[in-house]
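Residue numbers (my numbering): 55 to 341. Structure, as structure tokens:
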């Protein structure tokens, strides 16, 4: 599939962006925070406006860091011991489509409600529910193809070559997985992994259910709605933009509109009536 030129000069207003992985952030974190706030997780802010969301037992923490030290806008960590190191971590940079972050926080909220074990369930090859390679199936089902771009790296690539999910084999530095892009899984979109338009990383022990929720959202063929004038909301020059037109009015809509514009009926003219208090008629002219 060949990327289409950006038609921004012809389109204005609301648009659909396709494929959806060529969209970008919506510019607000509210949708991704909602699944956690609905569970009444605590929220704290620093002086810069960064937000920190914690589960009641402090075993899961989410950082929304618009004023962070790097482009890692979202950092999600899970802990077996609230005072120990993270068991697993995920990071989304500041241009990742917000819907993909929301998919993770929704799955995370569901797992947390199931108990601590669900949030900390390690991937186990050969066990279907926890098999790490189950995460690539939604992408393969949508025509993504297997690839080996580099030594020790296995990848599933989008048909147009503008997105990929990469898996690095062999031992990795645990701390580096949580703080850099050298993680077990990396999802990205753009012309190359060296300078992606957006990226997300997931460390070795990220639960399969959590990561699969993200790949299912990425693989969904439905486009994402965005505002065309905000060029940060899609990958300029690569994404296909389709105007979103309001639905055509139905006959009932037309009748209601006509009725709303019709002037109100004038009150009926008062008709004088004789009564016992009426003044008697004046005598008419003589003939």
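Note that CB positions come from ideal geometry on N, CA and C, so glycine has one too.
- With respect to residue 241, residue 254 sits close: the two C-beta atoms are nearer than 7 Å.
- Residue pairing by DSSP places residue 99 opposite 105 in a beta bridge.
- Nearest to residue 272 by C-alpha distance, out of 178, 210, 142, 295, is 210.
- For the 7 Å CB-CB criterion, residue 76 and residue 292 form a contact.
- Cβ contact annotation for residue 206 (same chain, cutoff 8 Å, sequence separation greater than five): 222, 223, 224, in chain order.
- In its chain, beyond the 5 residues on either side, 311 have a beta carbon closer than 8 Å to the beta carbon of residue 303.
- Counted as a single uninterrupted DSSP element, the alpha helix (DSSP H) harbouring residue 170 occupies residues 170-173.
- By the Cβ rule, the segment 267-282 counts as touching the segment 186-197, because three or more pairs are nearer than 8 Å.
- Secondary structure remark: continuous alpha helix (DSSP H) runs of at least 4 residues inside the segment 261-310, in chain order: 262-273.
- By the C-beta criterion, the segment 177-190 is judged not to be in contact with the segment 151-165, since fewer than 3 inter-stretch pairs fall below 8 Å.
- When secondary structure is reduced to three states using DSSP, residue 127 falls in the strand class.
- Here residue 153 is buried, its C-beta having at least 16 other C-beta atoms within 10 Å.
- Ranked by Cα distance from residue 227, the options 219, 220, 238 are led by 238.
- In the DSSP annotation of this structure, the continuous segment of the beta strand (DSSP E) that includes residue 220 starts and ends at 217-222.
- Partner residues in a beta bridge of residue 214, as assigned by DSSP, do not exist.
- Going by DSSP, residue 241 is part of the beta strand (DSSP E) stretching over 239-243.
- Put simply, of 252, 139, 119, 89 the residue whose alpha carbon is nearest the alpha carbon of residue 101 is 119.
- DSSP places residue 132 within a strand segment (E or B) once states are collapsed to three.
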